[in-house]
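*Asks:* In the UniProt record's numbering, the protein residues as written are 1 to 907.
My structure is below; once you've seen it, I'll send some questions.
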RNA sequence: GCGGGGGUGCCCGAGAGGUCAAAGGGGUCGGGCUCAAGACCCGAUGGGCUCAGGCCCACCAGGGGUUCGAAUCCCCUCCCCCGCACCA
């Protein structure tokens, strides 16, 4: 069993060592050379990176190395993202002995003896940063590691940088303050993140809805003007309310809420209302019986509607009082149906069902979609929770996007729900019929054993992405950028338009605090927008005591503001150097990553650059790639095809992996298919190329070049042009396909000439090796060294243009056609080994009236070409080949010969 | 619903008005090499006809159109994937 892996691994180690020792990827400012600044968004290091990341970063390496070959002074720095909650959450959960986390760690091959280190966020972050850095190095990335940075207060320089950035944004009035809902522990009043709750509730977010206040028809006791507040996500269905639901076994109270009287359940909901700035004072208890059977008034339609009992009403959710829309809400429909079987309420329930109103026109449904779906899914009762959830979701979704309001909606009639809902809600809130409210879809307890509620924080900070002037700049930036694939420009513009203000601060997460309001931490998308600039000076700024760094340093280095002499006195000459580095490297020439970042990170990146920097420093290019499938399947732990970068480089040769990564796809939104099952083929392919090079370099015939020599040189020339274009766009699959084309042409070349020309074979070796270099730099470095070329400073091959003045392409095409015809004939007449092949060229007169552009002009020319081809054909078919002319031939078939289409006779 | 990406032969995937039955893989079948397997090499792989390099029909989600000519352009329909946010 052949196995080249060990050989490759040795070569890889060797070159990685040399690169590191010689610092070949640590570029210095050099005004005499054009610069190229390439970045890939840093990964979030909550664990080991997998082959999906490898795909993105390896593509980064392809372009970095390609640009180096093209003579650019290339900088590729890399960092790590630690900001946000997942690291905090995971380390916390590990500390608590969470099984899932332990399982994950074990499946990643993390030894249990290391777990202790991971039990705090800092330890976790450092640990995985180290492992992932190691993987990046093993993959051979040409990163300038002097500039390796990571985020959050754990890195005081980064922290200073982010704070500077946010002060700038605030100065420019791009930060605003507002209120924002958050999930809180009801007793401790602290924000409850995923790690503060049981696993099964991770990821549950609040819902935004409204409370509609239904006045009670009569007094309760001697109090008048009491409201039944109904929380709903579907305010627009208020026109179809037939009744109100309360839980028959629930405990309710009469409370004074602000200046009104409300009926509310005596539950955690009171606390939640208070957390949302309602002033709630309990007056007295009210039993469900006191309410059931009474009537309320629909505040919009003024209909009189009964209050009825329903078991499905959860007195801890919403307001514990529910408006019932049987026409469009499956729960309500089935509950009324249930109630028709009840002695006491059957009449009222039937009446309610009769009063159902058609609200929306919805294709595929009758005027009462709730009834339709209850029947379709065969929902039997309100206990049928799963089906009801599904039904509700379906109807809600369909009605929201496709439901057309009927006449009853007045000015909204004819519109779709999503078109008018926002305005409608605004209106009923202004009319004081309703109020905005947030709640949870399920009530659960925090790890501190208290129920969790939604509260409003009043001092939440926002990035003002709604700012029209800011949007304008962002659009302008996109317009001026190279975005590949090009059609994504439109998508970028749309996202810029669509963004509203972004809540940029969280609590209890890893990150940098907001400099003027230190209880807030900048959330993870918001602290990672401008750091590409920070890379340019990071290797230098680290020499300065972070304690001493003030905004004046950044103002000077990035914006050229401040008194230079004074600043030099304060920080030293180094700030001059920093300014120079920044101005040399900036702007970013290419930033490349996956399509998942388009709508978030890349938009932020653009916005913030336009806010802080002058136009000439705005980002210049973005290249987007798709997801990665491994062997045609989505990579996931449950499918068992999950491969971490660490697994991969330990098991396979990295050059083979890099080759497969290149071959897996082009830029764009399509998913790439990384065929790990082909890793051996890739190794073999590369190994064969390696042996070919060292065995053939400087070998071969030395003589006048034949037409076929020129033809192959021409192929090389043409292909290298194509490959250049594909590299610029990171269409790596196309690059490899072009290399395969070269290989196929070489095969034909050898068939045609037997022994290759020395110049030609050398050219082939150099061209293909260099073109492969960005993809498989280790083995190519080895090749270059073995054949006596500089492996540390390779440059893009210069191939002289070979013009097609000899009709080289058509000549070869002609010969190939003759060859194909012969094999077709052999097949049809079922001869395997011909004794002789006669090729008879058309008689002279037939050439007289040829089309202008035909490449063969006369009989002599065709004869020459055929004589040249005779050896090739004879070798291929193992027989003699006679070339003759029609004039002299005695063969009957010779008469059929035409110019460019000689008669072929096989004996 | 909006926005984006798609639907090509057994499968994956290129092609973006003629040179297109449609590149390249893979699979399958047949053959070669081999003690044998793998690897490698050659051939076949829509249907029908034709024992001399050939011809005819069908065909690129479905339907219609533009054109001398459409997988490619236009219109309609159907289907699939992704996003629609406060999260890395």
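Glycine residues also receive a C-beta, built at the ideal position from the N, C-alpha and C atoms.
Find the nearest neighbour of residue 369 within the set 399, 838, 877, judged by alpha-carbon distance.
*Replies:* Counted from its first residue, the first chain places residue 369 at position 369. Of the listed residues, the one whose Cα sits closest to residue 369 is 399.
*Asks:* Per DSSP, what kind of secondary structure is residue 321 in: helix, strand or coil?
*Replies:* For the purposes of this step, residue 321 is taken as residue 321 along the first chain, with counting starting at 1. Reduced to three states, the DSSP call for residue 321 is strand.
*Asks:* Taking only runs that begin and end inside the region 644 to 691, name each unbroken beta strand (DSSP E) of 3 or more residues, in chain order.
*Replies:* 672 to 674
*Asks:* Just the C-alpha distance for residue 271 and residue 240, rounded to the nearest angstrom, thanks.
*Replies:* On the first chain, residue 271 is found 271 positions in, with the first residue counted as 1. On the first chain, residue 240 is found 240 positions in, with the first residue counted as 1. The straight-line gap from Cα to Cα measures roughly 30 Å.
*Asks:* Which of the three DSSP states is assigned to residue 255 in this structure?
*Replies:* Counting from 1 along the first chain, the entry for residue 255 is found at position 255. Looking at residue 255 - three-state DSSP - the assignment turns out to be strand.
*Asks:* Less than 7 Å between C-beta atoms, sequence neighbours within five positions excluded: which residues of the same chain meet that for residue 50?
*Replies:* Counting from one through the first chain, the residue named residue 50 turns up at place 50. Taken in chain order, the residues that qualify are 635, 642, 643, 644, 645.
*Asks:* My output table needs one value for residue 583: the three-state DSSP class, helix, strand or coil.
*Replies:* Stepping through the first chain from its first residue, residue 583 is reached at position 583. Three-state result, residue 583: helix.
*Asks:* Using only the alpha-carbon positions, how far apart do residue 814 and residue 900 sit?
*Replies:* Here residue 814 corresponds to residue number 814 of the first chain, with the count starting at 1. Here residue 900 corresponds to residue number 900 of the first chain, with the count starting at 1. Distance between the alpha carbons of residue 814 and residue 900 is about 8 Å.
*Asks:* Within its chain, find whatever has a CB closer than 7 Å to the CB of residue 880; leave out the 5 residues flanking it on each side and keep chain order.
*Replies:* On the first chain, residue 880 is found 880 positions in, with the first residue counted as 1. Excluding positions up to five away in sequence, the list reads 836, 874.
*Asks:* Here's the rule: buried if 16 or more other CB atoms are within 10 angstroms of the residue's CB, otherwise exposed. What is residue 793?
*Replies:* The sequence position of residue 793 within the first chain is 793, counting from 1. Result: exposed.
*Asks:* Locate the alpha helix (DSSP H) running through residue 859, then write down its first and last residues.
*Replies:* Residue mapping note: residue 859 aligns to position 859 of the first chain, counting from 1. Run containing residue 859: 859 to 877, per the alpha helix (DSSP H) assignment.
*Asks:* Going by DSSP, name the residue or residues bridged to residue 435.
*Replies:* Locating residue 435 in the first chain gives position 435, where the first residue counts as 1. Answer is 211.
*Asks:* As an exercise, report each continuous alpha helix (DSSP H) stretch of at least 4 residues that is fully enclosed by the region 478 to 539, in chain order.
*Replies:* 488 to 498
*Asks:* Am I right that residue 716 and residue 780 are in contact with their C-beta atoms under 8 Å? What's the rounded C-beta distance?
*Replies:* Residue 716 sits at position 716 when you count from the first residue of the first chain. Residue 780 sits at position 780 when you count from the first residue of the first chain. Rounded, the Cβ-Cβ distance is 17 Å, inconsistent with contact.
*Asks:* With H, G and I counted as helix, E and B as strand and the rest as coil, what does DSSP make of residue 35?
*Replies:* Numbered from its first residue, the first chain carries residue 35 at position 35. Looking at residue 35 - three-state DSSP - the assignment turns out to be strand.
*Asks:* Quick check on this structure: which residue in 377, 424, 275, 246 has the alpha carbon closest to the alpha carbon of residue 391?
*Replies:* Numbered from 1 along the first chain, position 391 holds the residue referred to as residue 391. Ranking the options by Cα distance to residue 391, first place goes to 377.
*Asks:* Take residue 908 as the anchor and find which of 202, 275, 797, 862 has the nearest alpha-carbon.
*Replies:* Residue numbering for the chain in the displayed model covers 1 to 907; residue 908 lies beyond these limits and cannot be assessed.
*Asks:* How would you write the range of the alpha helix (DSSP H) that residue 181 sits in, first residue to last?
*Replies:* By 1-based counting over the first chain, the position of residue 181 is 181. Looking at the DSSP string, residue 181 is not in any alpha helix (DSSP H); the run it does join, the beta strand (DSSP E), is 175 to 185.
*Asks:* Leaving out five residues on either side along the sequence, give the residues of the same chain with a beta carbon under 7 Å from the beta carbon of residue 599.
*Replies:* Residue mapping note: residue 599 aligns to position 599 of the first chain, counting from 1. Closer than 7 Å at Cβ, skipping near neighbours: 495.
*Asks:* Can you list, in chain order, the residues of its chain whose CB lies under 8 Å from that of residue 470, leaving out five sequence neighbours each side?
*Replies:* Taking the first residue of the first chain as position 1, residue 470 is located at position 470. Same-chain partners within the cutoff: 174, 464, 607, 610, 611.
*Asks:* Is residue 150 near residue 76, with beta carbons less than 8 Å apart?
*Replies:* Taking the first residue of the first chain as position 1, residue 150 is located at position 150. Taking the first residue of the first chain as position 1, residue 76 is located at position 76. Cβ atoms of residue 150 and residue 76: not closer than 8 Å.
*Asks:* Please report the residue range of the alpha helix (DSSP H) in which residue 330 lies.
*Replies:* Along the first chain, read from residue 1 onward, the residue named residue 330 stands at position 330. 330 to 339 is the extent of the alpha helix (DSSP H) around residue 330.
*Asks:* Pull up the DSSP beta-bridge partners for residue 296, would you.
*Replies:* Within the first chain, numbered from 1, the residue matching residue 296 stands at position 296. Per DSSP, 216, 305.
*Asks:* Three or more beta-carbon pairs under 8 Å between the region 544 to 558 and the region 191 to 200, yes or no?
*Replies:* no
*Asks:* With residue 795 and residue 60 assumed to form a contact (beta carbons below 8 Å), what rounded beta-carbon distance in angstroms separates them?
*Replies:* Sequence index remark: in the first chain, residue 795 carries index 795 (1-based). Sequence index remark: in the first chain, residue 60 carries index 60 (1-based). Not confirmed; about 20 Å, so no contact.
*Asks:* For residue 520, count neighbouring C-beta atoms within 10 Å of its own C-beta (all shown protein chains included) and say buried if the count is 16 or more, exposed if not.
*Replies:* For this step, residue 520 is matched to residue 520 along the first chain. It counts as buried.
*Asks:* Can you tell me which of 53, 347, 533, 29 puts its alpha carbon nearest to the alpha carbon of residue 936?
*Replies:* Only positions 1 to 907 of the chain appear in the structure, and residue 936 is not among them; the question remains open.
*Asks:* Could you tell me how far apart the beta carbons of residue 626 and residue 597 are, in whole angstroms, since I believe they sit closer than 8 Å?
*Replies:* Numbered from its first residue, the first chain carries residue 626 at position 626. Numbered from its first residue, the first chain carries residue 597 at position 597. So it is not a contact: roughly 12 Å between Cβ atoms.
*Asks:* Where residue 791 and residue 800 are concerned, what is the direct C-alpha to C-alpha distance, given to the nearest angstrom?
*Replies:* In the first chain, residue 791 corresponds to position 791, counting from 1. In the first chain, residue 800 corresponds to position 800, counting from 1. Roughly 22 Å separates the two Cα atoms.
*Asks:* Short of 7 Å in beta carbon distance, which residues of its chain neighbour residue 458, apart from the five on each side in sequence? Order them along the chain.
*Replies:* Taking the first chain and counting its residues from 1, one reaches residue 458 at position 458. 179, listed in sequence order.
*Asks:* Can you name, in chain order, every residue of its own chain whose Cβ lies under 7 Å from the Cβ of residue 537, other than the five neighbours on each side?
*Replies:* Walking along the first chain from the start, residue 537 turns up at place 537. By the criterion of a C-beta distance shorter than 7 Å, residue 537 is surrounded in its chain by 557, 578, 581, 582, once the five residues flanking it on both sides are discounted.
*Asks:* Under 8 Å between the Cβ atoms of residue 58 and residue 588?
*Replies:* Along the first chain, read from residue 1 onward, the residue named residue 58 stands at position 58. Along the first chain, read from residue 1 onward, the residue named residue 588 stands at position 588. No. Outside cutoff.
*Asks:* Find the nearest neighbour of residue 559 within the set 547, 326, 616, 592, judged by alpha-carbon distance.
*Replies:* Position 559 of the first chain, counted from the first residue, corresponds to residue 559. Measuring from the Cα of residue 559, the nearest candidate turns out to be 616.
*Asks:* Straight-line CA distance for residue 527 to residue 329?
*Replies:* Residue numbering aside, residue 527 sits at position 527 when the first chain is read from its first letter. Residue numbering aside, residue 329 sits at position 329 when the first chain is read from its first letter. Computed Cα separation, rounded: 43 Å.
*Asks:* Enumerated in chain order, which unbroken segments of the beta strand (DSSP E) with a length of 3 residues or greater are wholly contained in the region 26 to 95?
*Replies:* 35 to 39, 73 to 75
*Asks:* Contact between the region 182 to 190 and the region 267 to 287: three or more CB pairs below 8 Å?
*Replies:* yes
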